[in-house]
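J.: To start, I am sharing the structure in question, which I have written as structure tokens.
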Amino acid sequence: MRKHRFSVSRIGIVLLLAMGSLPVAAQQDSSEAPRQLTLRQAISLATDSSLASFRARHSYLSSYWQYRTYKAQNLPQLNLTSTPISYNQNFVLRYNSDTNTDEYRPQQNISSSLGLSIQQNVGPLGGTFYIESDLSFYRNFGDADQQQFSATPFRIGYYQPLFGYNQYRWDKRIEPIKYEAAKRTLLYNMEDIAQEVTDLFFALVMAQENYKTGQANLANADTLYAIGQQKYGIVSISKSDLLSLELDVVNARNSLENYRLELKRAKFNLTSYLNLPEDTDIELEIPDLPVESFIDPEKALSYATTNNPQVMEFRRRELEVESAMQKAKVESRFSATLRASVGFNQAAETLGSAYRNLQRQDQVSVGLSIPIVDWGIAKGRYNIAKSNYDMEMVSIEQDRISLEQDVIMTVSEFNIQLDLAKSSREALELARQVYLNTMQRFIIGSANVTDLTSAFSRQNTAQTNYITALRNYWNSYAKIKKLTLFDFENGMSLSENFDRMYSMLTSRR
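Numbering (mature numbering (1 follows the signal peptide of the UniProt record, and there is no 0)), first residue to last: -26 to -1, 1 to 483.
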């Protein structure tokens, strides 16, 4: 009997030494310390150097240059046009007054021209104001050898569509909204990247913790199997209990291999997303839970309706379908144009003479286009535009409701995630204590293999639940930041970071 107690004590010491040596062994196996990475660092890497952030930035730059192009169209445009030389030799049809017939005659001439113009779009009216100056030269060879210069030193004019669709006026309303939406979309995409990397981060956290647990489980299973063999030798446990312990060793070994594959896959997913070298060895630091966190759903909804790029997109879509409907309506009626210009010109055989004794040049024209019979084409186009407008307005309202519901539901879920995470952490601590207590009871013979297996399973489940709760908490917070573009932790709108982000963009071009 005394020998039996001595064996149990010796086994307990061996078990404790084996458990205590696990971290040391793990440290000795690593020839190089892995790179420590926090969640904040991972997000910073992703938003700075990932391929997703590259796409988001260049998508914004495309919108930026589109807006710059629109702004430039409202500035005066200076154009130089020229035909340096044009040579022509052919037969042309001419009237012969002597014979009262048309006949082909050879023709050979050379010409050139040069023009300079300034144009300015008049947005409110939809017209174009212009100033022009041009010079042309023409020389005819053959029997009627002659040359002429034609000069227009100055001509000022204005072109105005009447009762028509004013594209400039609609662009003035739509383009600034599109650009503002592009800026917010850049911030939104960066927060979407943060949410994605948060999910990948905790996927790797789960894989790393599972792998560590798998290593510990295999070591514990080996140790418990060795204890079981000694107990079986003194008839302290049955053959079936010993086989169960051996099965635990096999299962633990298989699980460890699966955990190793999951760890490799999760690490590859995160490192590739962060645009890190494939062989980068990283060790993640699990973020702590905040002491307290609560987000008012009404405030979150207010920030979302103010900051979310979808809200700007709603307005843009409304204006675009309204513009299309107005265009179809206007084009179904008659249209008119007014063109007026005044200037001075002259034609002479020498260049100098072409700029002397200038003659007044005036031009006024009015054009009309009146549809008489179009078999309902214009009306059909308007009805199509009106139907598209009605459908788009319904779609916008549905999207607006979906956005509001998404914000409310995400905030509501977030507000309970902290309590769930704290509860899961308490459950994990209890499960660990239960497992250690059950293992000690198994060593002294007061617990069987079933009790030990059950305690082990509860500990694994509790750990998985805790990591999952952390993952859900931080994912929910990342999604709320994305939907509202507001940093509730620091109490500031993310749009305040746009200038810094824009300076980074311009410095990289």
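Where is the CB? At the ideal position from N, CA and C, for every residue including glycine.
1) In the DSSP assignment, the beta strand (DSSP E) including residue 130 goes from what residue to what residue?
2) With DSSP as the reference, identify every bridge partner of residue 108, one or two as the case may be.
3) Since residue 115 sits in a beta bridge, which residues does DSSP pair it with?
4) So, is residue 31 buried or exposed, given that buried needs 16 or more other C-beta atoms within 10 angstroms?
5) Where does residue -4 fall in DSSP's three states?
6) Restricting to runs no shorter than 4 residues, where is the alpha helix (DSSP H) found entirely within the segment 350 to 421?
7) How far does the alpha helix (DSSP H) with residue 188 in it extend, from its first residue to its last?
8) May I ask you to report which of helix, strand or coil DSSP gives residue 334?
9) Please state whether the Cβ-Cβ distance between residue 485 and residue 54 is less than 9 angstroms.
10) Going by DSSP in three states, residue 463 sits in which element: helix, strand or coil?
11) Going by the DSSP bridge assignment, what does residue 341 pair with across the sheet?
12) For residue 199 and residue 233, which I take to be in contact (beta-carbon distance under 8 angstroms), what is that distance rounded to the nearest angstrom?
13) What are the boundary residues of the beta strand (DSSP E) that includes residue 56?
14) Can you round the beta-carbon distance between residue 40 and residue 64 to whole angstroms, since I take them to be within the 8 angstroms contact cut?
15) Give me the Cα-Cα distance between residue 441 and residue 248, rounded to the nearest whole angstrom.
16) From 125, 211 and 158, pick the residue whose C-alpha is nearest to that of residue 333; which is it?
17) Looking only at its chain, what residues have a beta carbon closer than 6 angstroms to the beta carbon of residue 467, apart from the 5 residues adjacent to it on each side?
18) What residues match up with residue 76 in a beta bridge as DSSP calls it?
19) Quick check on the burial criterion: 16 or more other C-beta atoms within 10 angstroms. Buried or exposed for residue 390?
20) In whole angstroms, what separates the C-alpha of residue 160 from that of residue 471?
21) If I measure Cβ to Cβ from residue 105 and keep anything under 6 angstroms in the same chain, skipping five residues before and after, which residues do I get?
22) I need the boundaries of the beta strand (DSSP E) containing residue 257, first residue and last residue.
23) Rank 290, 206 and 17 by C-alpha distance to the C-alpha of residue 422 and give the top, closest one.
24) Do three or more CB pairs link the segment 159 to 174 to the segment 305 to 322 at distances below 8 angstroms?
25) Please report the Cβ distance between residue 244 and residue 178, rounded to the nearest whole angstrom; I am assuming they are in contact, meaning their Cβ atoms lie under 8 angstroms.
26) Give the straight-line distance between the Cα atoms of residue 174 and residue 168, rounded to the nearest whole angstrom.
27) Do you know how far the Cα of residue 71 is from the Cα of residue 96?
28) Can you tell me whether residue 488 is buried or exposed? The criterion is at least 16 other CB atoms within 10 Å of its CB, across all chains shown.
29) Can you tell me whether residue -16 is buried or exposed, with buried defined as 16 or more other CB within 10 angstroms of its CB?
30) Does the Cβ-Cβ distance between residue 85 and residue 102 come in under 9 angstroms?
31) Quick check: the Cα distance between residue 386 and residue 165, rounded to an integer number of angstroms?
32) Can you tell which of 189, 79, 46 and 241 has its C-alpha closest to the C-alpha of residue 68?
33) For residue 384 and residue 291, I'd like the C-alpha separation in whole angstroms.
34) Run through DSSP, which three-state label would residue 293 get?
35) Which of the three DSSP states is assigned to residue 424 in this structure?
36) Within the same chain, show all residues whose beta-carbon is closer than 6 angstroms to that of residue 216, passing over the 5 residues directly before and after it, in chain order.
T.: Straight from the coordinates:
1) 120 to 136
2) 89 and 126
3) 82
4) buried
5) With a pLDDT of 38 at residue -4, under the threshold of 50, the predicted position of this residue should be treated as unreliable, though the coordinate-derived value follows. Here residue -4 sits in helix by DSSP.
6) 351 to 418
7) 141 to 207
8) strand
9) Coverage of the chain is limited to positions -26 through 483, which leaves residue 485 absent and any answer about it impossible.
10) coil
11) 311
12) 20 angstroms between Cβ atoms; not a contact.
13) 51 to 70
14) So it is not a contact: roughly 46 angstroms between Cβ atoms.
15) 22 angstroms
16) 125
17) 460
18) 69
19) exposed
20) 11 angstroms
21) 92 and 130
22) 256 to 258
23) 206
24) no
25) 5 angstroms
26) 10 angstroms
27) 51 angstroms
28) Absent from the model: residue 488. The displayed extent of the chain is -26 to 483, so no value can be given.
29) Since pLDDT at residue -16 reaches only 41, below the 50 mark, its modelled position is unreliable, and the value read off the structure follows with that caveat. Buried, since its Cβ has 16 or more Cβ neighbours within 10 Å.
30) no
31) 19 angstroms
32) 79
33) 26 angstroms
34) helix
35) helix
36) 202 and 206
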